[in-house]
Amino acid sequence: VFNYVKLVRLVRVGKRIEHLVVRHMHTQEERVVTAKYVVNTTGPWTDEVLSNWDSTRKSLLRLSKGIHVVVRFPWQKRAMLALARDDKRVFFVLPWYGNTLIGTTDTEYSGTMDTLKPTEADIDYLLQNAQPYFKDHQLSRKDVLTTFIGCRPLVRKSKRSLGGLSRKHRVIKPYANVLVVVGGKYTTYRSLSEGVARRVMSFFGRGWFFRSLTRHLPLYGGEIKDLDPYVTKKYPVESNIYPIDKVLYRHVVFQYGSVYADALSVMCENEVYRDRLKGTDYYRGDVIYAIRQECAVTIVDFMRRRTR
Numbered sequence: 030v031f032n033y034v035k036l037v038r039l040v041r042v043g044k045r046i047e048h049l050v051v052r053h054m055h056t057q058e059e060r061v062v063t064a065k066y067v068v069n070t071t072g073p074w075t076d077e078v079l080s081n082w083d084s085t086r087k088s089l090l091r092l093s094k095g096i097h098v099v100v101r102f103p104w105q106k107r108a109m110l111a112l113a114r115d116d117k118r119v120f121f122v123l124p125w126y127g128n129t130l131i132g133t134t135d136t137e138y139s140g141t142m143d144t145l146k147p148t149e150a151d152i153d154y155l156l157q158n159a160q161p162y163f164k165d166h167q168l169s170r171k172d173v174l175t176t177f178i179g180c181r182p183l184v185r186k187s188k189r190s191l192g193g194l195s196r197k198h199r200v201i202k203p204y205a206n207v208l209v210v211v212g213g214k215y216t217t218y219r220s221l222s223e224g225v226a227r228r229v230m231s232f233f234g235r236g237w238f239f240r241s242l243t244r245h246l247p248l249y250g251g252e253i254k255d256l257d258p259y260v261t262k263k264y265p266v267e268s269n270i271y272p273i274d275k276v277l278y279r280h281v282v283f284q285y286g287s288v289y290a291d292a293l294s295v296m297c298e299n300e301v302y303r304d305r306l307k308g309t310d311y312y313r314g315d316v317i318y319a320i321r322q323e324c325a326v327t328i329v330d331f332m333r334r335r336t337r
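The sequence shown begins at 30 in the numbering used here and counts up one residue at a time.
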């Protein structure tokens with residue numbers, strides 16, 4: 030696995046990709062990556078990557094910007110789906126770590142991923158359409174703790190409105206040993222991956238032998254079905270092994286699931302690792318664990334990609 034690398038160039042021989050050259054964004058070191066088969070799954074960057082391969086290729090995507098806002102008071106009800114009065118789009122309101130999460134928007138975006146950010150109009154749209162469901166509170170910008178944003182890579186269809194575009198994916202084959210996945214959703218990534226894997230195996234003449242080994246495999250750490258009862262049962266026993274309080278024990282189990290023992294071992298190495306990071310529900314040991322076990326390199330890696 031190469032992290033923090035950028036595709037610099039592809040070397041093509043006839044209708045096949047021979048190898049790729051990648052550059053590490055921190056060290057600027059270049060490496061040659063050889064492969065018998067290449068699968069490009071670059072989401073909203075798909076058009077940008079493909080333009081490096083062929084500058085005449087037409088755009089395959091329409092980008093849809095979606096933002097969420099977190100407001101600073103607790104949502105005591107269950108998760109709710111609602112209709113926006115402005116345009117009849119569905120949005121949701123969720124309890125979110127003691128606060129409330131409201132999302133999401135669906136607006137056309139034509140910029141680059143580097144300049145993607147929420148606008149005041151995006152935030153106002155969510156606050157105004159959520160207001161009717163907050164009978165006892167007048168929502169305002171002062172309530173917004175934070176926003177976050179993403180881009181949906183939708184398969185381009187010339188005459189469809191943005192909301193009418195399918196969230197399904199397409200798989201195209203620009204070269205003999207290359208597949209490009211266009212569109213798709215996180216919620217369907219397993220079936221998408223299985224279909225791609227089957228096509229790659231067929232390329233090598235082994236498609237008839239294909240059998241998914243991950244169909245029933247839970248996500249890493251996802252083998253504990255109900256975390257609260259697990260903590261109640263296990264803490265009295267394991268507090269003899271790990272000298273930590275129940276608050277920290279519960280945090281580690283909820284954060285890492287069934288691989289929590291690895292993180293607990295880190296927490297117990299040094300008393301300092303059990304200090305809470307100011308203003309958060311995370312600990313110094315979480316940072317150490319993220320660096321050692323989860324390939325975290327920068328502060329942004331930890332804050333944006335390893336925590337809430």
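C-beta: ideal position from N, C-alpha, C; glycine also.
A quick note: this is a predicted structure, and the numbers were derived from the prediction, not measured.
Using 10 angstroms around the beta-carbon of D315, count the other beta-carbons present and answer buried if the total reaches 16, otherwise exposed.
D315 should be labelled buried.
So what does DSSP say about A150, is it helix, strand or coil?
Residue state, collapsed to three classes: helix.
Starting from Y400, trace the alpha helix (DSSP H) both ways and give me its first and last residue.
There is no way to answer for residue 400, as the model of the chain reaches only from 30 to 337.
May I ask you to report which of helix, strand or coil DSSP gives H280?
Correct three-state label for H280: helix.
State buried or exposed for D151, treating a residue as buried only when at least 16 other CB atoms are found within 10 Å of its CB.
Burial call: buried.
Going by the DSSP bridge assignment, what does G179 pair with across the sheet?
G95.
Keeping to the same chain, check which residues put their C-beta closer than 6 Å to that of T136; ignore five residues upstream and five downstream.
Excluding positions up to five away in sequence, the list reads K94.
Does DSSP classify M54 as helix, strand or coil?
Of the three classes helix, strand and coil, the one that applies to M54 here is coil, per DSSP.
Taking the CB atoms as reference points, tell me whether A319 and R303 lie closer together than 8 Å.
No, the pair does not count as a contact, with Cβ atoms beyond the cut-off.
Between the region 92-110 and the region 59-70, do three or more beta carbon pairs fall short of 8 Å?
At 8 Å Cβ cutoff, the stretches do not touch.
Taking DSSP as the reference, what is the three-state secondary structure of G286?
In the structure shown, G286 sits in a helix (DSSP, three-state: H, G or I).
To the nearest angstrom, how far is the alpha carbon of Y289 from that of D274?
One C-alpha to the other measures close to 15 Å.
Starting from the C-beta of F331, find all residues in its chain whose C-beta is less than 7 Å away, skip the five residues before and the five after it, and write them out in chain order.
V316, A319 and A325.
Are the CB atoms of Y215 and G18 within a distance shorter than 8 Å?
Residue 18 is absent from the structure shown; the chain starts at 30 and stops at 337.
Identify every residue that forms a DSSP beta bridge with T63.
T63 pairs with H48.
Starting from the C-beta of L155, find all residues in its chain whose C-beta is less than 6 Å away, skip the five residues before and the five after it, and write them out in chain order.
V98 and I131.
Here's the rule: buried if 16 or more other CB atoms are within 10 angstroms of the residue's CB, otherwise exposed. What is A205?
Exposed is the call here.
Determine the direct distance from the alpha carbon of V119 to that of R279, and round the result to whole angstroms.
Looking at the two C-alpha atoms, the distance is approximately 35 Å.
Quick check: L277 and Y312, are their CB atoms within less than 8 Å of each other?
Result yes, Cβ atoms of L277 and Y312 sit closer than 8 Å.
So, helix, strand or coil for G250, using DSSP?
Looking at G250 - three-state DSSP - the assignment turns out to be coil, as it is neither helix nor strand.
Is the separation between the beta-carbon of L90 and that of L208 shorter than 8 Å?
In this structure, L208 does not lie closer than 8 Å to L90 by Cβ.
So, helix, strand or coil for W125, using DSSP?
Looking at W125 - three-state DSSP - the assignment turns out to be strand.
Comparing alpha-carbon positions, which option in I270, L79 and N128 lies nearest E298?
If we check each option's Cα against that of E298, I270 comes out closest.
Could you tell me the boundaries of the beta strand (DSSP E) in which R228 lies?
No beta strand (DSSP E) holds R228; the alpha helix (DSSP H) holding it covers Y218 to F232.
If contacts are defined as beta-carbon pairs under 8 Å, then T176 and P147 qualify, I think. What distance do you get, rounded to the angstrom?
About 4 Å separates the two Cβ atoms, so the contact holds.
Here's a check: name, in chain order, each residue in its chain whose Cβ is nearer than 8 Å to the Cβ of V211, leaving out the five neighbours to either side.
Same-chain partners within the cutoff: T75, L89, L90, P182, V184, H198, R199, V200 and I201.
Alpha carbon to alpha carbon, how far is W82 from M296?
Cα to Cα, W82 sits roughly 47 Å from M296.
When you compare each of H55, Y33, E77 and L92 to R196 by their alpha carbons, which one comes out closest?
When each option's Cα is compared against that of R196, the closest is L92.
Alpha carbon to alpha carbon, how far is V40 from S294? Give it in angstroms, no decimals.
Cα-Cα distance, rounded: 46 Å.
Can you say whether W237 is buried or exposed, counting buried as having 16 or more other CB atoms within 10 angstroms of its CB?
Flag for W237 reads exposed.
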